[in-house]
Structures are given as structure tokens and as C-alpha cells.
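A.B. asks: Residue numbers (UniProt numbering): 1 to 155.
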Amino acid sequence: VAINKMDTTKWSEERFLEIIKETSNFIKKVGYNPKTVPFVPISGFNGDNMIDDSPNCPWYKGWEKETKTKTTGKTLLQAIDAIDPPARPTDKPLRLPLQDVYKIGGIGTVPVGRVETGVIKAGMVVTFAPAGVTTEVKSVEMHHEQLVEGLPGDN
1 VAINKMDTTK
11 WSEERFLEII
21 KETSNFIKKV
31 GYNPKTVPFV
41 PISGFNGDNM
51 IDDSPNCPWY
61 KGWEKETKTK
71 TTGKTLLQAI
81 DAIDPPARPT
91 DKPLRLPLQD
101 VYKIGGIGTV
111 PVGRVETGVI
121 KAGMVVTFAP
131 AGVTTEVKSV
141 EMHHEQLVEG
151 LPGDN
């Protein structure tokens with residue numbers, strides 16, 4: 001959690017701790033463990049504590065995040081780098097929310113989306129919901145390059 005506009009409170013440690021307390025209660029209420037969330041005081045306008053340590057908050061000793069491994073840091077960039085990528089299951093059924101559909105002359109209908117779960121390969125027979133339209137996948141491409149298969153996270 002980036003706690004922004006700390007410059008407007010003159011980098012008040014008291015205000016920072018108050019925001020952490022309130023936000024931690026909310027995080028708990030919605031089902032997350034606050035110990036897995038780093039809290040970073042920043043000033044986006046001045047760029048303080050975003051990439052490099054800020055001299056304006058000598059009281060700030062850094063954040064600690066407890067997940068599979070314990071991670072520590074001081075800046076927002078370090079907190080972003082410490083985010084664990086989400087699990088992208090290939091063993092579940094194919095889920096590919098469509099973002100758009102193009103009708104290209106000489107090629108045909110090209111559905112576009114991102115694979116969330118499962119795997120998509122040329123030759124597979126897929127059904128689009130809710131329409132119930134079934135068709136065969138002719139090819140899988142990403143950024144104009146042919147792929148053998150599309151995996152979770154591929155666009």
C-alpha cells in the first residue's frame with residue numbers, strides 16, 4: 001500500500017501509523033492478512049521514497065512482508081518487485097475471456113483475449129459461452145507470432 005501525499009503532513013510518523021492501522025483493519029475485513037502487505041510512505045508529486053530512499057522520513061525503517069519467504073525493503077519500487085505473481089493453473093478447464101472479435105477477410109473470425117486458466121492449442125474444439133457456439137481453433141498467436149499453445153497469462 002503506497003501511502004501518498006506524506007509531504008502534506010510533513011512526513012508525520014503519527015499519521016503514517018494511523019493510516020496503517022485503519023487500512024490493516026480494512027484489509028483484514030475483506031479477507032487478507034495485513035502481514036502480507038507492505039506499507040510505504042511516499043510523495044508521488046516529489047518522487048520521494050518511490051525509487052530511492054527518502055531523507056524526509058528518517059523514522060521509517062522499511063516494510064516487511066510475510067509470505068512464503070520474508071521480504072523486506074524501503075521503497076515503493078522494492079514493494080512492487082516483491083509482489084508474488086498469481087498462480088496460473090494449466091490443469092483447469094480453459095477460460096479465455098474475450099476482449100474483442102475481428103472479422104478479417106481471407107482469414108476469418110479472430111477472437112482476442114487472455115488465457116486465465118487451462119491451455120489452448122491449434123486443433124482444439126472450443127465452445128463460446130453464453131452463445132454456445134462451437135468451433136475448432138485453427139491457430140494460436142500472440143503479438144503476430146505463432147505459438148504452439150497459449151498458457152495462462154498469454155494475451
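All residues carry an ideal CB built from backbone N, CA and C; glycine is no exception.
Just so it is clear, the structure is predicted and the values come from calculations on it, not from any experiment.
Considering only the alpha carbon of each residue, which of M50, D84, I83 and V1 lies closest to I27?
C.D. replies: V1
A.B. asks: Let me check one thing: in DSSP terms, what residues is I120 bridge-paired to?
C.D. replies: G150
A.B. asks: May I ask you to report which of helix, strand or coil DSSP gives residue 157?
C.D. replies: What is shown of the chain runs 1 to 155, which leaves residue 157 out entirely.
A.B. asks: Are the beta-carbon atoms of P38 and P89 separated by less than 8 Å?
C.D. replies: no
A.B. asks: Alpha carbon to alpha carbon, how far is T51 from I3?
C.D. replies: Per the sequence shown, the amino acid found at residue 51 is Ile instead of Thr. Their backbone Cα atoms lie some 14 Å apart in a straight line.
A.B. asks: Thinking C-alpha only, which one of L96, P55, G73 and S12 is nearest V126?
C.D. replies: L96
A.B. asks: Would DSSP call P34 helix, strand or coil?
C.D. replies: helix
A.B. asks: Tell me which residue opens and which closes the alpha helix (DSSP H) that I20 is part of.
C.D. replies: E13 to K29
A.B. asks: How many whole angstroms separate the CB atoms of W63 and T69, which I take to be in contact at a CB cut-off of 8 Å?
C.D. replies: Not confirmed; about 14 Å, so no contact.
A.B. asks: Starting from D100, trace the beta strand (DSSP E) both ways and give me its first and last residue.
C.D. replies: L98 to I104
A.B. asks: Quick one: complete beta strand (DSSP E) runs, 3+ long, within the segment 43-71?
C.D. replies: 63-66
A.B. asks: Check whether the segment 134-152 and the segment 111-122 touch, using three or more Cβ-Cβ pairs below 8 Å as the test.
C.D. replies: At 8 Å Cβ cutoff, the stretches touch.
A.B. asks: One question on the structure: do K35 and E14 come within less than 8 Å of each other, judged by their Cβ atoms?
C.D. replies: Note that the C-beta distance between K35 and E14 is not below 8 Å.
A.B. asks: Looking only at C-alpha atoms, which of M6, K29, S24 and E22 sits nearest to D48?
C.D. replies: M6
A.B. asks: Check T90 in the structure and name its three-state DSSP category.
C.D. replies: coil
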